[in-house]
Amino acid sequence: MAHIPSEDAVFSPVEEDDERSGRLEVCADLNSSMEDLLEASVALDDSTVTFKSEVAVLYPERAGSGVGDTYTDDVAQNQKCKEKMEAEEEEALAIVMAMSESQDALPTIPQLQVDKDEDVIIIQVDTPETLPGHTKAKQPYREGAEWLKGQQIGLGAFSSCYQAQDVGTGTLMAVKQVTYVRNTSSEQEEVVEALREEIRMMSHLNHPNIIRMLGATCEKNNYNLFVEWMAGGSVSHLLNKYGAFKEAVIINYTDQLLRGLAYLHENQIIHRDIKGANLLIDSTGQRLRIADFGAAARLASKGTGAGEFQGQLLGTIAFMAPEVLRGQQYGRSCDVWSVGCAIIEMSCAKPPWNAEKHSNHLALIFKIASATTAPTIPAHLSPGLRDVTLRCLELQPLDRPPSRELLKHPIFRLNW
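When we follow full-length UniProt numbering, the leftmost residue of the sequence shown carries the number 1, and every step to the right adds one.
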């Protein structure tokens, strides 16, 4: 083992003067280089904290070979390096996201297929008249005959979700079944129109982190929305069964959640009900898909959309952003807030705000709407994951980074 001298050690002169001289010259060069490096890495007058690399420190070759003659030159040079790094970062993210968008072929159910030139979204089965936006079934696809309903896997206010099987191919599916008969004709029309919009929206989505639709039928008093089967169940189901996730799992799922949201937001869609119950996992436990677009809505513009909706109280209270509960304008950033809430849920197997202890929904709404701080973040989270969570849970909507920007955070780089 090499002997490490103490601070008080005295070095005796050696006979090899030339060798010692050479070593001293190398040390001098190293000291000089360190001084140059420290001088070049002086912080700029910029209090903004970003996800970007410290270019001048980590990549001195990109920052130039020496320090500029003036402070202004330093600022300009470092700004140019920063912009170059941001461009490279954005390009790398775009390549990675494009590569990750390949996915297995979706199973085909012949009776649910429509001609490409038909503007049809729902197939009617055994109904006397054709409704707008529907088409008569060319082949029967009836419950209990061509497809079988299995165990219930979810229950909502107006719908139930079941496992199902296509008899002809054996394909396993999930079916969301909605009874559309209501007390009044106006209520019924509202339900039908909401279903049509959900189905129309889902029929145009194609991303590895978005649940895929197999087709939809209208039979008797039910709408049946068939989607691909995710054998792992929901994140909430897994949390109830196995407990809180390890951080590596949380980061993996959050990365995929943000990718799916980035795709939706770039297509002018906000989900409005991001939570563990609407995040489905495949049989391997590795693939996450966003599901349930019953509360989703289309945005009018391609901008950041911090305030495009107002007064529409849709979603699950514990995961809703304060501006939504206050009846203020909201947009894409309300989904980003929900991502932060989902991280809390995955890390402690409980919803944020101790929501399970609030039997009074109005009290919970008031608590979140009047909050001056974010919900409690578990202390065991690493600094990196805690940072992502805090950024999602900024109280001001405009302070929350877009989904695509959050994907550049260092904790997600290992997935690039």
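Each residue gets a CB set at the ideal place from its N, CA and C atoms; glycine is no exception.
Here the structure is a predicted model, which is why all the values come from computation and not from measurement.
Look at the alpha carbon of residue i and the alpha carbon of residue j, and state the distance between them as a whole number of angstroms.
i: Leu-414; j: Glu-187; result: 49 Å
i: Tyr-180; j: Arg-391; result: 40 Å
i: Leu-261; j: Ile-281; result: 16 Å
i: Ile-377; j: Arg-404; result: 23 Å
i: Glu-228; j: Ile-290; result: 12 Å
i: Ala-56; j: Ile-199; result: Interpretation of Ala-56 is limited by its pLDDT of 37, a score under 50 that renders its predicted location unreliable; the figure taken from the coordinates is listed afterwards. Each residue's alpha carbon lies about 51 Å from the other.
i: Ala-371; j: Gly-331; result: 19 Å
i: Ser-203; j: Ile-411; result: 33 Å
i: Leu-257; j: His-358; result: 27 Å
i: Val-191; j: Asn-221; result: 12 Å
i: Leu-195; j: Asn-360; result: 29 Å
i: residue 421; j: Lys-367; result: Residue coverage of the chain in this structure runs from 1 to 416, which leaves residue 421 outside it and unanswerable.
i: Gln-79; j: Leu-398; result: 24 Å
Leaving aside the five residues before and after residue i along the sequence, list all residues of the same chain whose C-beta is less than 8 Å from its C-beta, in chain order.
i: Glu-247; result: Ser-347, Leu-381, Ser-382 and Leu-385
i: Val-167; result: Ala-145, Glu-146, Trp-147 and Leu-148
For the alpha helix (DSSP H) containing residue i, name the first residue and the last one.
i: Gly-384; result: 383-392
i: Phe-226; result: First-last for Phe-226: 222-228, but that is the beta strand (DSSP E), not the alpha helix (DSSP H).
i: Ile-109; result: Where Ile-109 is concerned, there is no enclosing alpha helix (DSSP H), given that its DSSP letter is neither H nor E.
i: Ile-281; result: No alpha helix (DSSP H) contains Ile-281, which is instead part of the beta strand (DSSP E) from 279-281.
i: residue 447; result: Beyond the ends of the chain as shown, which are 1 and 416, falls residue 447; an answer cannot be given.
i: Phe-366; result: 361-369
When you compare the CB positions of residue i and residue j, do they come within less than 8 Å of one another, or not?
i: Ala-277; j: Ser-234; result: yes
i: Ile-274; j: Ser-338; result: yes
i: Gln-165; j: Asn-224; result: no
i: His-237; j: Asp-335; result: no
i: Thr-171; j: Ile-251; result: no
i: Phe-245; j: Met-173; result: no
i: Gly-150; j: Cys-161; result: no
Excluding the 5 residues flanking residue i on each side, which residues of the same chain have their C-beta closer than 6 Å to its C-beta?
i: Tyr-263; result: His-207
i: Val-388; result: His-409
i: Glu-394; result: Arg-400
i: Pro-352; result: Ala-318, Cys-341, Ile-344 and Pro-375
i: Ala-321; result: Cys-334 and Trp-337
i: Gln-396; result: none
i: Asp-292; result: Asn-278
i: Tyr-253; result: Leu-288
i: Pro-107; result: Thr-171
Output needed for residue i: all residues of its chain with C-beta closer than 7 Å, excluding positions within five of it in sequence on either side, in chain order.
i: Lys-350; result: Glu-356
For residue i, report the span of its beta strand (DSSP E) as first-last.
i: Ala-174; result: 172-179
i: Ser-159; result: 159-166
i: Thr-217; result: 213-219
i: Lys-149; result: 147-155
i: Arg-289; result: 288-290
Measuring alpha carbon to alpha carbon, tell me which residue in the options is nearest residue i.
i: Ile-122; options: Met-213, Ala-363, Arg-272 and Ile-250; result: Met-213
i: Gln-111; options: Lys-138, Gln-103, Asp-104 and Glu-86; result: Lys-138
i: Asp-255; options: Ser-160, Leu-362, Asn-240 and Leu-407; result: Leu-407
i: Gly-315; options: Thr-284, Asn-354, Ile-365 and Met-201; result: Ile-365
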